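K.L.:
This structure is in structure tokens; I'll ask about it shortly.
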Amino acid sequence: MLYIQDVADVLLTRKSDNFKIATGTAQSTSISQSVDEDQIKGGIGNRTLYTIKSNKELEIEVKDAVFNPQWLAATQGVKVMDDQTLEIEVVDTVEIEEGGKITLKDTEFSGSGIFVDSKGDNHEATFSSGVATISEIEDQKGKEGQAVYKEERQGKSISIRADRFAEKYKAQLNTIIYEAETESIVEDLFVIFHNVTPSAEFELGLEAGEALAPEIKLVASADPKTKEIGNWFMSPHKDATEKK
Numbered sequence: 001m002l003y004i005q006d007v008a009d010v011l012l013t014r015k016s017d018n019f020k021i022a023t024g025t026a027q028s029t030s031i032s033q034s035v036d037e038d039q040i041k042g043g044i045g046n047r048t049l050y051t052i053k054s055n056k057e058l059e060i061e062v063k064d065a066v067f068n069p070q071w072l073a074a075t076q077g078v079k080v081m082d083d084q085t086l087e088i089e090v091v092d093t094v095e096i097e098e099g100g101k102i103t104l105k106d107t108e109f110s111g112s113g114i115f116v117d118s119k120g121d122n123h124e125a126t127f128s129s130g131v132a133t134i135s136e137i138e139d140q141k142g143k144e145g146q147a148v149y150k151e152e153r154q155g156k157s158i159s160i161r162a163d164r165f166a167e168k169y170k171a172q173l174n175t176i177i178y179e180a181e182t183e184s185i186v187e188d189l190f191v192i193f194h195n196v197t198p199s200a201e202f203e204l205g206l207e208a209g210e211a212l213a214p215e216i217k218l219v220a221s222a223d224p225k226t227k228e229i230g231n232w233f234m235s236p237h238k239d240a241t242e243k244k
């Protein structure tokens with residue numbers, strides 16, 4: 001008797017350029033299949049005579065324990081672009097000092113910004129080496145507000161475009177199979193899907209104190225020539241030491 005107790009690792013290969021997205025930190029991987037089944041009835045009692053089956057659909061859902069920007073890019077049909085520049089707005093919570101003085105954490109910043117005081121009112125501020133004085137907030141000494149100013153940042157960018165959608169990938173899921181009698185690993189299981197498309201629908205829930213676990217849904221389609229959607233393949237187990 002055999003059993004599986006582990007999650008599957010996932011490898012996606014983009015069809016257009018062979019770019020690979022891999023995860024070995026999945027929390028769950030699931031495969032679901034649906035088939036349209038129409039029961040044809042007839043005769044005395046309108047009994048079921050046969051069933052017409054069509055439209056086999058397979059979906060793969062992967063829930064990862066870590067955030068990988070490549071998964072997000074795959075759902076958008078774009079690539080992760082390195083060395084990009086973006087102007088963002090920094091929000092710095094500061095305490096109002098004597099005479100309406102405020103001091104940013106970034107003591108090197110010089111320029112204009114907006115200060116949102118404890119009442120929610122907005123005040124224009126001019127900073128020099130991270131310090132500004134706003135006479136209108138002198139009476140709010142000891143209270144907190146938010147200083148907002150612009151800053152250029154460099155990093156990776158993932159574009160969200162209305163005219164781009166997910167490309168096709170090849171998907172490989174692999175895990176290990178145990179033997180019940182010995183509780184030892186005996187086989188490797190590979191599940192291959194020749195054509196999958198990441199669903200453009202996704203949710204990213206950010207919650208205080210909770211680790212973000214991104215989920216991606218892959219919709220499989222058949223090869224137009226072979227009609228094959230994928231296949232299950234089991235092979236005697238090989239570990240890393242045996243491959244050396």
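One point on numbering: in UniProt numbering, the residue at position 184 of the sequence shown is 184, and numbering is uninterrupted.
Glycine included, every Cβ here is placed at the ideal spot set by N, Cα and C.
What you are looking at is a predicted structure, and each value in this text was computed from that prediction instead of being measured.
Taking the continuous beta strand (DSSP E) assigned at A8, which residues delimit it?
P.N.:
A8 -> no beta strand (DSSP E), and no H or E assigned at all.
K.L.:
Would you check if there are 3 or more beta carbon pairs closer than 8 Å linking the segment 173 to 188 to the segment 44 to 54?
P.N.:
No, the segment 173 to 188 does not touch the segment 44 to 54.
K.L.:
Between the C-alpha atoms of V191 and D17, what's the straight-line distance to the nearest angstrom?
P.N.:
In a straight line, the C-alpha of V191 is about 22 Å away from that of D17.
K.L.:
What is the rounded straight-line gap between the Cα of I44 and the Cα of S34?
P.N.:
Each residue's alpha carbon lies about 31 Å from the other.
K.L.:
Spatial neighbours of I21 within its chain, please: CB distance less than 6 Å, with the 5 preceding and 5 following residues excluded, ordered by chain position.
P.N.:
So the list reads L12, Q70, once near-sequence residues are dropped.
K.L.:
For the segment 203 to 211 against the segment 150 to 167, do three or more pairs of beta-carbon atoms, one drawn from each stretch, fall closer than 8 Å, so that the two count as touching?
P.N.:
Touching, no.
K.L.:
Closest to V186 by C-alpha separation, out of G142, G155, D64, S235, would be which residue?
P.N.:
The candidate whose alpha carbon is nearest that of V186 is S235.
K.L.:
Measuring CA to CA, which of T25, E61, S184, K56 is closest to E37?
P.N.:
Nearest option by C-alpha distance: K56.
K.L.:
Which ranges would you report for the beta strand (DSSP E) in the segment 52 to 122 if only whole runs of at least 3 residues count?
P.N.:
List check, beta strand (DSSP E) in window: 81 to 95, 101 to 103, 111 to 116.
K.L.:
Between the beta-carbon of D106 and the beta-carbon of I137, is there less than 7 Å?
P.N.:
In this structure, I137 does not lie closer than 7 Å to D106 by Cβ.
K.L.:
Can you tell me whether DSSP reads I137 as helix, strand or coil?
P.N.:
In this structure, I137 counts as helix in the three-state DSSP scheme.
K.L.:
Please state the DSSP three-state secondary structure of R153.
P.N.:
DSSP places R153 in strand when its eight states are reduced to three.
K.L.:
According to DSSP, what are the bridge partners of L173?
P.N.:
Partner(s): V10, V191.
K.L.:
Quickly, what does DSSP pair F127 with across the bridge? List them, please.
P.N.:
Note: F127 sits in a beta bridge opposite G111.
K.L.:
Which same chain residues, not among the five before or five after L212, have their C-beta less than 8 Å away from its C-beta?
P.N.:
Same-chain partners within the cutoff: F67, L204, G205, L206.
K.L.:
Please determine, among H194, W232, D239, the residue with the shortest C-alpha to C-alpha distance to V219.
P.N.:
Of the listed residues, the one whose Cα sits closest to V219 is H194.
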